[in-house]
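**Student:** Residue numbers (our numbering): 5 to 455.
Ideal placement from N, C-alpha and C gives every residue a C-beta, glycine not left out.
The structure is given below, and queries will be raised subsequently.
Written out as structure tokens, the structure is:
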């Protein structure tokens with residue numbers, strides 16, 4: 005049975021388009037330039053073009069495919085750091101916490117760049133922004149391949165440069181997809197998010213397979229070539245449809261006065277603070293505690309990442325059809341916390357594989373509705389890039405501190421993982437509570453409301 009929609013809540017979450025006034029000044033014959041096309045609009049057609057998304061069709065779903073490809077790069081690549089972590093630890097002979105700083109700074113730069121790329125996307129610079137990000141990513145990857153065993157060079161190339169490029173690419177496709185869908189928005193964004201799972205299988209498998217055959221340097225270069233090809237296809241597919249906003253301030257200060265938005269930002273911060281602990285350390289846990297071989301531990305990471313693919317579109321469909329994205333986010337986050345706590349009881353190979361399957365499913369479900377939850381709180385689709393970019397920039401500090409915090413706990417506990425697992429699970433529980441607060445700020449204490 006579908007959950008009834010409260011009309012007041014629906015109006016709060018997404019006002020009707022005919023009540024909204026665009027935040028730019030236009031004249032009836034002023035041409036508007038974007039990266040892909042030049043259009044001439046009139047006041048009568050502007051609202052129809054901008055605020056009546058097609059909610060389907062070949063062009064709309066092509067944007068979802070483009071977003072899937074960009075997610076494959078922006079989040080698939082960082083999710084593969086578990087493979088790099090094992091290689092760097094064995095070749096650089098450094099503590100886990102120090103090596104994890106490379107992956108942490110990469111994810112930090114990816115999130116930090118979103119506030120800039122999101123604003124550029126809102127201003128209409130869709131394709132050029134993605135092209136710049138792709139160039140930075142490929143350059144950083146190639147520099148990583150020649151860095152050798154020098155820690156600071158790897159840190160700058162893979163951590164800073166590649167991470168910055170991935171972040172620059174991430175936001176523009178989300179803004180475009182958001183403009184093409186309304187009723188099916190959560191489904192579309194969740195399908196695009198499956199690229200994360202696909203990329204997190206492709207990149208580690210590529211590197212792990214090629215290292216013993218062509219060496220680490222050429223394995224990394226092949227990843228760079230894959231990045232260039234995938235980005236080129238995504239750019240060719242993208243077709244922005246909204247009239248751009250005039251470039252202004254990077255921060256939407258009005259959003260910071262909205263209680264639900266601020267609580268969503270806090271919940272996302274806590275969620276991402278603990279999330280990458282599982283991705284970065286499942287390999288090391290399997291090798292050090294369960295005594296997996298290096299090859300088997302990498303296969304475990306591939307299994308975890310692969311299992312996140314099917315759950316993303318499923319939760320997106322359920323959010324659109326029955327529950328609403330915020331409700332679904334509030335439901336899937338405690339499930340993820342439960343999986344992290346269950347990790348503390350894993351003591352066998354069979355248990356390790358079972359954990360990888362269920363952690364991948366729960367992680368994919370939670371991340372699959374993360375963007376859709378904010379979209380339901382954003383009345384003006386022109387501001388989606390800026391508002392989500394602000395969330396990503398704040399959350400960047402969580403991703404920067406998360407894996408090193410876990411690594412420091414592990415090192416301090418003599419290589420045992422128990423207290424790091426407890427820490428991560430507790431943080432995700434706090435995230436779930438905060439997200440529930442964001443929901444209550446919109447709906448009150450009513451339970452059966454779709455939002």
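Where does residue 69 fall in DSSP's three states?
**Tutor:** Translated into positions along the chain shown, residue 69 becomes position 65. Looking at residue 69 - three-state DSSP - the assignment turns out to be helix.
**Student:** Hey, would you say residue 104 sits closer than 9 angstroms to residue 284, going by beta carbons?
**Tutor:** In the chain shown, residue 104 corresponds to position 100, counting from 1. In the chain shown, residue 284 corresponds to position 280, counting from 1. It is a contact, given that the beta carbons lie within the stated cut-off.
**Student:** So the candidates are 396, 202, 393 and 405; which of them puts its Cα closest to the Cα of residue 311?
**Tutor:** Against the chain shown, residue 311 aligns to sequence position 307. It is 202 whose Cα lies nearest to the Cα of residue 311.
**Student:** Express the C-alpha separation of residue 124 and residue 265 in angstroms, rounding to a whole number.
**Tutor:** Within the chain shown, numbered from 1, the residue matching residue 265 stands at position 261. Within the chain shown, numbered from 1, the residue matching residue 124 stands at position 120. Cα to Cα, residue 265 sits roughly 21 angstroms from residue 124.
**Student:** Count Cβ pairs between the region 335-353 and the region 368-378 that sit closer than 8 angstroms; are there 3 or more?
**Tutor:** yes
**Student:** With respect to the alpha helix (DSSP H) encompassing residue 228, which residues constitute its N-terminal and C-terminal limits?
**Tutor:** The sequence position of residue 228 within the chain shown is 224, counting from 1. Counting along the chain, the alpha helix (DSSP H) containing residue 228 begins and ends at 220-241.
**Student:** In angstroms, rounded to a whole number, what distance separates the CA positions of residue 359 and residue 328?
**Tutor:** If you number the chain shown from 1, residue 359 lands on position 355. If you number the chain shown from 1, residue 328 lands on position 324. The alpha-carbon atoms of residue 359 and residue 328 are separated by roughly 28 angstroms.
**Student:** Is it true that the CB of residue 427 sits closer than 9 angstroms to the CB of residue 290?
**Tutor:** Walking along the chain shown from the start, residue 290 turns up at place 286. Walking along the chain shown from the start, residue 427 turns up at place 423. Between residue 290 and residue 427, the gap from beta carbon to beta carbon reaches 9 angstroms or more.
**Student:** Please check the pair residue 78 and residue 373, which I expect to be a contact at CB under 8 angstroms, by giving their CB distance rounded to whole angstroms.
**Tutor:** As a first step, residue 78 is located in the chain shown; it is residue number 74 there, counting from the start. As a first step, residue 373 is located in the chain shown; it is residue number 369 there, counting from the start. In this structure, residue 78 and residue 373 do not form a Cβ contact; the two beta carbons are roughly 18 angstroms apart against a cut-off of 8 angstroms.
**Student:** Assuming residue 168 contacts residue 113 under a Cβ cut-off of 8 angstroms, what Cβ separation, rounded to an integer in Å, is found between them?
**Tutor:** As a working mapping, residue 168 is identified with position 164 in the chain shown. As a working mapping, residue 113 is identified with position 109 in the chain shown. Yes, they are in contact, since the Cβ atoms of residue 168 and residue 113 sit about 5 angstroms apart, within 8 angstroms.
**Student:** Give the secondary structure of residue 448 by DSSP, where H, G and I count as helix, E and B as strand, and everything else as coil.
**Tutor:** For the purposes of this step, residue 448 is identified with residue 444 of the chain shown, where counting begins at 1. Note: residue 448 maps to coil in three-state DSSP.
**Student:** If you measure between the beta carbons of residue 116 and residue 200, is that distance less than 9 angstroms?
**Tutor:** The residue you call residue 116 lines up with position 112 of the chain shown. The residue you call residue 200 lines up with position 196 of the chain shown. Not a contact, by the Cβ cut-off of 9 angstroms.
**Student:** Counting C-beta neighbours from all protein chains within 10 Å, is the total for residue 305 16 or more, i.e. buried, or is it exposed?
**Tutor:** Counting from 1 along the chain shown, the entry for residue 305 is found at position 301. When all chains shown are included, residue 305 counts as buried.
**Student:** Under 6 angstroms Cβ to Cβ from residue 228, same chain only, skipping five residues before and after it: list those, please.
**Tutor:** To locate residue 228, count along the chain shown from 1; it is residue 224. Correct list, in chain order: 142, 145 and 146.
**Student:** Let me know the alpha helix (DSSP H) ranges lying completely inside the region 79-132, each 4 residues or longer, listed in chain order.
**Tutor:** Within the region 79-132, the complete alpha helix (DSSP H) segments of 4 residues or longer fall at 80-83, 85-96, 100-116 and 118-126, listed in chain order.
**Student:** When you compare only the Cα positions, how much space is there between residue 345 and residue 292?
**Tutor:** Position 341 of the chain shown, counted from the first residue, corresponds to residue 345. Position 288 of the chain shown, counted from the first residue, corresponds to residue 292. Computed Cα separation, rounded: 19 angstroms.
**Student:** For the alpha helix (DSSP H) holding residue 370, just list the boundary residues, first then last.
**Tutor:** In the chain shown, the residue the question calls residue 370 occupies position 366. Here the alpha helix (DSSP H) through residue 370 covers 353-372.
**Student:** Can you tell me the Cα-Cα spacing of residue 173 and residue 429, whole angstroms?
**Tutor:** Along the chain shown, one-based indexing puts residue 173 at 169. Along the chain shown, one-based indexing puts residue 429 at 425. Cα to Cα, residue 173 sits roughly 30 angstroms from residue 429.
**Student:** Which whole-angstrom value is the C-beta distance of residue 204 and residue 80, which I expect to be below 8 angstroms?
**Tutor:** Taking the first residue of the chain shown as position 1, residue 204 is located at position 200. Taking the first residue of the chain shown as position 1, residue 80 is located at position 76. Rounded, the Cβ-Cβ distance is 5 angstroms, consistent with contact.
**Student:** Among 447, 449, 348 and 390, which one has its Cα closest to the Cα of residue 128?
**Tutor:** One-based indexing of the chain shown puts residue 128 at position 124. Checked all of 447, 449, 348 and 390; the closest Cα to residue 128 is 390.
**Student:** Smallest Cα separation from residue 422: which of 431, 237 and 350?
**Tutor:** Here residue 422 refers to the residue found at position 418 of the chain shown. That would be 350, whose Cα lies nearest to the Cα of residue 422.
**Student:** Quick one: what's got a C-beta closer than 8 angstroms to residue 415's C-beta in the same chain, skipping five residues either side?
**Tutor:** By 1-based counting over the chain shown, the position of residue 415 is 411. Contacts found: 99, 100 and 101.
**Student:** Beta-carbon within less than 7 angstroms of residue 270's beta-carbon, same chain only, minus the 5 sequence neighbours each way: which residues are those?
**Tutor:** Within the chain shown, residue 270 is the residue found at index 266, counting from 1. Result list for residue 270: 438, in chain order.
**Student:** Beta-carbon within less than 7 angstroms of residue 399's beta-carbon, same chain only, minus the 5 sequence neighbours each way: which residues are those?
**Tutor:** Position 395 of the chain shown holds residue 399. Here the set comprises 115, 272, 273 and 276.
**Student:** Among the residues of its own chain, which have a CB less than 6 angstroms from the CB of residue 137, if the five just before and after it don't count?
**Tutor:** As a working mapping, residue 137 is identified with position 133 in the chain shown. So the list reads 169, 172 and 173, once near-sequence residues are dropped.
**Student:** What does the alpha-carbon distance come out to for the pair residue 397 and residue 118?
**Tutor:** Reading the chain shown from its first residue, position 393 is the one you call residue 397. Reading the chain shown from its first residue, position 114 is the one you call residue 118. Take the alpha-carbon of residue 397 and the one of residue 118: they are about 6 angstroms apart.
**Student:** Do you know how far the Cα of residue 403 is from the Cα of residue 432?
**Tutor:** Residue mapping note: residue 432 aligns to position 428 of the chain shown, counting from 1. Residue mapping note: residue 403 aligns to position 399 of the chain shown, counting from 1. About 13 angstroms.
**Student:** Quick one, which of 87, 109, 166 and 175 has its alpha-carbon nearest residue 121's?
**Tutor:** Residue 121 sits at position 117 when you count from the first residue of the chain shown. Closest in C-alpha terms to residue 121, from the list 87, 109, 166 and 175, comes 175.
**Student:** Who are the Cβ neighbours of residue 420 in its own chain at under 6 angstroms, not counting the five residues just before and after it?
**Tutor:** Within the chain shown, numbered from 1, the residue matching residue 420 stands at position 416. If we look at residue 420 and ignore the five residues flanking it on each side, it has no Cβ neighbours.
**Student:** Buried or exposed: which applies to residue 347, given that a residue is buried once 16 or more other Cβ atoms fall within 10 Å of its Cβ?
**Tutor:** As a first step, residue 347 is located in the chain shown; it is residue number 343 there, counting from the start. So residue 347 ends up on the buried side.
**Student:** Can you name the start and end residues of the alpha helix (DSSP H) that residue 59 belongs to?
**Tutor:** The residue you call residue 59 lines up with position 55 of the chain shown. Element bounds for residue 59: n/a, residue is neither H nor E.
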